[in-house]
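Some notes on the structure that comes next.
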Ligand SMILES: NC(=O)c1ccc[n+]([C@@H]2O[C@H](COP(=O)([O-])OP(=O)(O)OC[C@H]3O[C@@H](n4cnc5c(N)ncnc54)[C@H](O)[C@@H]3O)[C@@H](O)[C@H]2O)c1
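So, in structure tokens, the structure goes:
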């Protein structure tokens, strides 16, 4: 029987899921039934130009009206303010649902969807797992697990870009990225899902305390004046991770910016009493650099760990999710784990707003 994949939304990210579906589950309608719904006829027309076998709908309710089958997968590929309603509808139609990041607009919606998925006996997945399973990060996890770093006391997780705002410098046609009522938030909402998923994958926290968070919106001459623009593009927090295998909590110095008047740099590094390891979990190359002491001097060891997975990071969410739906093991980010990561991000916003410590416990 063909795998049935239903995409809600036919914009930029929907195409990456369609590519992954064809790559892993076959090219013809007998291998895969790909259906896509979008109220925008232009988006649908250009989608079908790229994927001629796809069946199109202007209303997702019509697309999901047919009887559900056991392994049906719906992928929600629309702007964030629609995720809750569309995911609820798709789960209630009796299908597994993979939702784009950010999952939803608030913690209550995340809990409700997780519960609904449980009640329906279906999987609810989050696309924030895009960068999980990269061999370079797996190598870092192996170094941490080996004890070679000693007692881990600090993680720096910093990405500072001077001009890379979604809706301004990046994908300027998608202005919804700038309006908090449509997108949920700025750079913390946009990239935080990946950051907190990578951090949780490495540190396996049972709980996270946000000791102090901040969000800011640096002002530039390129700020759009004709649309609502009320989201942050510089954010960060000092956090305490109650990490698996560590006697004491690990301090995480976190920052993510897509606009700053300060210096642009990235630093992702784990420091312990016996050594440190530095790498780039995303695009900054494949080097894993270990530093340690050798008879009182600083020693360095560098390994190149390129991605040799059959899947790319853009394939990963759909591939991981469908594999789990088919009953195979995978790194899919599901239900409570997705909700926990989402709540950590919300805790940074809450700490920034209130000035208070916020704690999140894994469900
Ligand atoms: N653009 C990226 O690089 C990127 C990367 C990863 C994740 N994402 C996430 O993917 C999601 C979509 O982003 P995008 O960049 O593809 O946006 P986009 O603007 O390119 O496309 C969104 C599409 O959703 C459609 N849509 C809106 N409401 C709908 C509804 N009720 N039913 C069906 N279709 C509807 C729109 O008409 C539009 O065609 C967001 O959550 C975003 O955060 C985007």
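Residue numbers (the working numbering): 360 to 722.
Every residue gets a Cβ at the ideal spot worked out from N, C-alpha and C, and that includes glycine.
Is residue i helix, strand or coil by DSSP?
| i | result |
| --- | --- |
| residue 652 | strand |
| residue 532 | coil |
| residue 515 | strand |
| residue 458 | strand |
| residue 486 | helix |
| residue 560 | helix |
| residue 592 | coil |
| residue 378 | helix |
| residue 670 | coil |
| residue 507 | coil |
| residue 693 | strand |
| residue 542 | helix |
| residue 421 | helix |
| residue 633 | coil |
| residue 410 | coil |
| residue 479 | helix |
| residue 403 | helix |
| residue 397 | coil |
| residue 391 | strand |
| residue 677 | helix |
| residue 584 | coil |
| residue 416 | strand |
| residue 572 | strand |
| residue 661 | strand |
| residue 567 | strand |
Using 9 Å as the limit for Cβ to Cβ distance, is residue i near chain B?
| i | result |
| --- | --- |
| residue 380 | Chain labels in this structure do not include chain B; a single protein chain is all it has. |
Out of curiosity, what's the CA-to-CA distance linking residue i and residue j?
| i | j | result |
| --- | --- | --- |
| residue 379 | residue 579 | 37 Å |
| residue 462 | residue 394 | 22 Å |
| residue 372 | residue 526 | 15 Å |
| residue 559 | residue 551 | 12 Å |
| residue 629 | residue 678 | 29 Å |
| residue 411 | residue 386 | 11 Å |
| residue 328 | residue 488 | This structure gives no information on residue 328, because the portion of the chain shown stretches from 360 to 722. |
| residue 491 | residue 423 | 30 Å |
| residue 627 | residue 689 | 25 Å |
| residue 414 | residue 396 | 9 Å |
| residue 625 | residue 594 | 14 Å |
| residue 639 | residue 426 | 45 Å |
| residue 719 | residue 407 | 43 Å |
| residue 586 | residue 568 | 35 Å |
| residue 651 | residue 509 | 10 Å |
| residue 434 | residue 456 | 6 Å |
| residue 721 | residue 609 | 16 Å |
| residue 436 | residue 504 | 36 Å |
| residue 611 | residue 511 | 11 Å |
| residue 400 | residue 420 | 16 Å |
| residue 660 | residue 405 | 48 Å |
| residue 658 | residue 556 | 31 Å |
For the putative contact between residue i and residue j, defined by C-beta atoms under 8 Å, what is the C-beta separation to the nearest angstrom?
| i | j | result |
| --- | --- | --- |
| residue 484 | residue 692 | 6 Å |
| residue 681 | residue 662 | Contact doesn't hold; Cβ gap of about 32 Å is too wide. |
| residue 684 | residue 442 | The pair is not a contact, with the Cβ atoms about 19 Å apart (cut-off 8 Å). |
| residue 528 | residue 534 | Not a contact, Cβ separation roughly 13 Å. |
| residue 704 | residue 562 | Contact flag wrong, Cβ pair sits at about 16 Å. |
| residue 541 | residue 439 | 7 Å |
| residue 392 | residue 369 | The Cβ separation is near 16 Å, so there is no contact. |
| residue 473 | residue 698 | 5 Å |
| residue 701 | residue 507 | The Cβ separation is near 32 Å, so there is no contact. |
Sufficient close CB pairs (3 or more, under 8 Å) joining the segment 474-491 to the segment 616-629: no
Three-pair Cβ contact test at 8 Å for the segment 600-609 versus the segment 542-551: no
Any 3 or more C-beta pairs closer than 8 Å across the segment 712-721 and the segment 562-578: yes
Cβ contact (3+ pairs, closer than 8 Å) linking the segment 514-522 and the segment 439-457: no
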